[in-house]
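Visitor: Structure provided below as structure tokens; questions to follow.
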Amino acid sequence: MYRLWLIFAQAATILLAIFFVVSTLKPELLPWKPRAELIPIKEATPDISALRHDSYYKAASRAMPSVVNIFTTKAVKDLPHPFLNDPAFQRFFGEQFESRSRLRSNLGSGVIVSSNGYILTNHHVIEAADEVEVALSDSRKIKAAVVGSDPETDLAVLKIDLKDLPAMTFGHSQEAKVGDVVLAVGNPFGVGQSVTMGIIGALGRTKVGINTFEEFIQTDAAINPGNSGGALTDTDGNLIGINTAIYSRSGGSLGIGFAIPIHIAKTIMEQIIQSGSVTRGWLGVSMQDMTEELAESFKLNTVIGALIAGVLKDGPADHAGIKAGDIMIAIEGEPILNSSELLNKVAALPPGITTTVTVIRNKKEMDIQIKVGVRPKQI
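Just so we're aligned: 332 in the numbering used here is position 331 of the sequence shown, and the numbers increase by one with no gaps anywhere.
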């Protein structure tokens, strides 16, 4: 009896071992298959014909092919120690200690504004560059020529020798509203083309201290180094601004970025393409904002206009009889709120025309005719 029990136990052990090995390594050989626990999962039905209501894919896909990366290089000489420039020293030791040149690179973005190769970007992106190269979204690279630039608005125009390019459609920046959703397209930190999203935080932003002429769109769409010259678009992918600067203490985006409205950039661009430079109106005055203290000292009830602080001798304003201490409150009947607005309105006047300005002198308003001059080039 004992032998039979021992044989049975050994056979059962062998069969269990075989079952374990087969169920682990070859479960498909078993007459039944272990069933995995079913977990209910809801999957969305793909519909490639429809876009999500919260997606900006359509706008981004329209804008991205028109935004390019701009690479500039400049030869920079390392200045040697003054002692090494001494002729007597070089006479004995030769020229191995002379200054050496090295290449310094810069990175930015640009926007294709016409199918025949014109690109709009920032002046500071291509400033003093010896060579400019443009990389298109389809990976093509080509040398670019600088058509002209305007340091006072920080805009520049490039030209590449290619045809049938994907030009971006211009939007209506004058119709933009605070709170509108916008997209910023560019090449931040050189990582590659990227799109960020935000809203318009303010319009007509002046006195930022970046350019001479300022009327920025302020946005919290992330704008970082490398985005300069890139596109600010609406949610249809239309160009409404050229990204130009950020307010930052760290060098990265803090949610305060500035773009030049496209209606201003377009005017500057057209002048650069036509003549290679920008011509502006000029009165030959220096000015400052009116304050409550100044208004009180002039015995005025309201703080309006811009105070004429100085008049350039033999300039247009001097010939017209404008005097220091006059308060200019309107040009052609359009009110002037501050000195920045006066500067922008005068710059927009065609040189050579005669315009009517309204000033307050000795608490009395008077209209004065001025022949607009040409604003001197700023160095």
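For each residue, glycine too, the CB sits at the ideal point set by N, CA and C.
Express the C-alpha separation of P167 and A60 in angstroms, rounding to a whole number.
Guide: Within the sequence shown, numbered from 1, the residue matching residue 60 stands at position 59. Within the sequence shown, numbered from 1, the residue matching residue 167 stands at position 166. One C-alpha to the other measures close to 14 angstroms.
Visitor: Suppose you measure from the CA of S278 to the CA of G149; what does that come to, to the nearest Å?
Guide: Here residue 278 is taken as the residue at index 277 of the sequence shown, counted from 1. Here residue 149 is taken as the residue at index 148 of the sequence shown, counted from 1. Their Cα atoms are separated by approximately 6 angstroms.
Visitor: With distances taken between CB atoms, is the gap from V147 to I127 smaller than 8 angstroms?
Guide: The count along the sequence shown starts at 1 and reaches residue 147 at position 146. The count along the sequence shown starts at 1 and reaches residue 127 at position 126. Their beta carbons are under 8 angstroms apart, which means V147 touches I127 by this criterion.
Visitor: Within this structure, are the beta carbons of P262 and I224 separated by less than 8 angstroms?
Guide: Here residue 262 is taken as the residue at index 261 of the sequence shown, counted from 1. Here residue 224 is taken as the residue at index 223 of the sequence shown, counted from 1. For P262 and I224, no; Cβs fall outside 8 angstroms.
Visitor: Can you tell me where the alpha helix (DSSP H) with S287 in it begins and where it stops?
Guide: As a position in the sequence shown, residue 287 is number 286, starting the count at 1. In the DSSP assignment, S287 falls outside any alpha helix (DSSP H) and lies within the beta strand (DSSP E) extending over V286 to D290.
Visitor: Can you give me the start and stop residues for the alpha helix (DSSP H) that R1 sits inside?
Guide: With the chain running from 2 to 380 in the structure shown, residue 1 is simply not present.
Visitor: Could you confirm whether any beta carbon from chain D is found closer than 8 angstroms to the beta carbon of Y58?
Guide: The displayed structure is made up of one protein chain only, and chain D is not part of it.
Visitor: Does the separation of the CB atoms of G227 and G256 fall below 8 angstroms?
Guide: For the purposes of this step, residue 227 is taken as the residue at position 226 of the sequence shown. For the purposes of this step, residue 256 is taken as the residue at position 255 of the sequence shown. Going by C-beta atoms, G227 is not nearer than 8 angstroms to G256.
Visitor: Quick check on the burial criterion: 16 or more other C-beta atoms within 10 angstroms. Buried or exposed for G172?
Guide: The residue you call residue 172 lines up with position 171 of the sequence shown. The residue in question, G172, is buried, as its Cβ has 16 or more Cβ neighbours within 10 Å.
Visitor: Let's test the definition: count the other Cβ atoms within 10 Å of the Cβ of Y57 and tell me whether it reaches 16, buried, or not, exposed.
Guide: For the purposes of this step, residue 57 is taken as residue 56 along the sequence shown, with counting starting at 1. Buried: at least 16 other Cβ atoms inside 10 Å.
Visitor: Hey, how far is the Cα of V347 from the Cα of I328?
Guide: Indexing the sequence shown from 1 puts residue 347 at position 346. Indexing the sequence shown from 1 puts residue 328 at position 327. One C-alpha to the other measures close to 15 angstroms.
Visitor: Are at least three pairs of beta-carbons, each pair with one atom in the segment 269 to 284 and one in the segment 346 to 364, less than 8 angstroms apart?
Guide: yes
Visitor: Can you list, in chain order, the residues of its chain whose CB lies under 7 angstroms from that of A310, leaving out five sequence neighbours each side?
Guide: Position 309 of the sequence shown, counted from the first residue, corresponds to residue 310. So the list reads S287, M288, Q289 and A325, once near-sequence residues are dropped.
Visitor: Note down, one range per segment and in chain order, each beta strand (DSSP E) of at least 3 residues found wholly within the segment 123 to 162.
Guide: 132 to 136, 142 to 151 and 156 to 160
Visitor: State the Cα-Cα distance for the pair T236 and N363, rounded to the nearest angstrom.
Guide: Start at 1 with the first residue of the sequence shown, and residue 236 comes out as number 235. Start at 1 with the first residue of the sequence shown, and residue 363 comes out as number 362. Their backbone Cα atoms lie some 51 angstroms apart in a straight line.
Visitor: What does the alpha-carbon distance come out to for the pair V133 and S140?
Guide: For the purposes of this step, residue 133 is taken as the residue at position 132 of the sequence shown. For the purposes of this step, residue 140 is taken as the residue at position 139 of the sequence shown. Going by the C-alpha atoms only, they are around 16 angstroms apart.
Visitor: Could you tell me which residues DSSP puts in a beta bridge with Y119?
Guide: Within the sequence shown, numbered from 1, the residue matching residue 119 stands at position 118. Its beta-bridge partners are K160.
Visitor: Note down, one range per segment and in chain order, each alpha helix (DSSP H) of at least 4 residues found wholly within the segment 284 to 367.
Guide: Fully contained in the segment 284 to 367 are the following alpha helix (DSSP H) runs of length 4 or more, in chain order: 293 to 298, 317 to 321 and 340 to 348.
Visitor: Since A260 contacts L233 with CB under 8 angstroms, what's their CB separation in whole angstroms?
Guide: Residue mapping note: residue 260 aligns to position 259 of the sequence shown, counting from 1. Residue mapping note: residue 233 aligns to position 232 of the sequence shown, counting from 1. In this structure, A260 and L233 form a Cβ contact; the two beta carbons are roughly 4 angstroms apart against a cut-off of 8 angstroms.
Visitor: When you compare only the Cα positions, how much space is there between V68 and L301?
Guide: For the purposes of this step, residue 68 is taken as residue 67 along the sequence shown, with counting starting at 1. For the purposes of this step, residue 301 is taken as residue 300 along the sequence shown, with counting starting at 1. If you take the alpha carbons of V68 and L301, they lie about 51 angstroms apart.
Visitor: List the endpoints of the continuous beta strand (DSSP E) containing M169.
Guide: Along the sequence shown, one-based indexing puts residue 169 at 168. Element bounds for M169: n/a, residue is neither H nor E.
Visitor: Between which two residues does the alpha helix (DSSP H) carrying A266 extend?
Guide: Stepping through the sequence shown from its first residue, residue 266 is reached at position 265. Here the alpha helix (DSSP H) through A266 covers I263 to S276.
Visitor: Is it right to say G180 is buried, meaning 16 or more other beta carbons lie within 10 angstroms of its own, or is it exposed?
Guide: Numbered from 1 along the sequence shown, position 179 holds the residue referred to as residue 180. When all chains shown are included, G180 counts as exposed.
Visitor: Apart from the five residues on each side of it in sequence, which residues of its chain come closer than 7 angstroms, Cβ to Cβ, to A266?
Guide: The residue you call residue 266 lines up with position 265 of the sequence shown. If we look at A266 and ignore the five residues flanking it on each side, its Cβ neighbours are L121, L156 and I243.
Visitor: Does the Cβ of V360 have 16 or more other Cβ atoms within 10 Å, making it buried, or fewer, making it exposed?
Guide: Residue mapping note: residue 360 aligns to position 359 of the sequence shown, counting from 1. Under this definition V360 is a buried residue.
Visitor: Measuring CB to CB, does I332 end up less than 8 angstroms from T356?
Guide: Here the question's residue 332 lines up with position 331 in the sequence shown. Here the question's residue 356 lines up with position 355 in the sequence shown. Cβ atoms of I332 and T356: closer than 8 angstroms.
Visitor: Specify the secondary structure class of A223 as computed by DSSP and reduced to three states.
Guide: Position 222 of the sequence shown, counted from the first residue, corresponds to residue 223. A223: coil per DSSP, three-state reduction.
Visitor: From the DSSP secondary-structure annotation, give me the bridge partner or partners of V112.
Guide: Sequence index remark: in the sequence shown, residue 112 carries index 111 (1-based). DSSP lists V68 and L121 as partners of V112.
Visitor: Where does R206 fall in DSSP's three states?
Guide: The count along the sequence shown starts at 1 and reaches residue 206 at position 205. R206: strand per DSSP, three-state reduction.
Visitor: Rounded to whole angstroms, what is the Cα-Cα separation between G118 and T170?
Guide: Along the sequence shown, read from residue 1 onward, the residue named residue 118 stands at position 117. Along the sequence shown, read from residue 1 onward, the residue named residue 170 stands at position 169. The alpha-carbon atoms of G118 and T170 are separated by roughly 14 angstroms.
Visitor: Would you say H264 and Q175 are within 8 angstroms of each other, going by their C-beta atoms?
Guide: The residue you call residue 264 lines up with position 263 of the sequence shown. The residue you call residue 175 lines up with position 174 of the sequence shown. Yes; because the gap between Cβ atoms is below 8 angstroms, this pair is in contact.
Visitor: Nearest to K142 by alpha carbon, out of T154, I71 and K365?
Guide: Counting from 1 along the sequence shown, the entry for residue 142 is found at position 141. For K142, the nearest C-alpha among the options comes from I71.
Visitor: Using the beta-carbon count (16 or more within 10 Å), is R4 buried or exposed?
Guide: In the sequence shown, the residue the question calls residue 4 occupies position 3. It counts as exposed.
Visitor: My output table needs one value for Q175: the three-state DSSP class, helix, strand or coil.
Guide: Here residue 175 refers to the residue found at position 174 of the sequence shown. Helix at Q175.
Visitor: Which residues in the same chain as S116 place their Cβ atom closer than 8 angstroms to its Cβ, once the five residues preceding and following it in sequence are excluded?
Guide: Walking along the sequence shown from the start, residue 116 turns up at place 115. For S116, where only same-chain residues beyond five positions count, the Cβ hits under 8 angstroms are K164, D165, L166, P167 and A168.
Visitor: Alpha carbon to alpha carbon, how far is L17 from I8? Give it in angstroms, no decimals.
Guide: By one-based count along the sequence shown, residue 8 stands at place 7. By one-based count along the sequence shown, residue 17 stands at place 16. Each residue's alpha carbon lies about 14 angstroms from the other.
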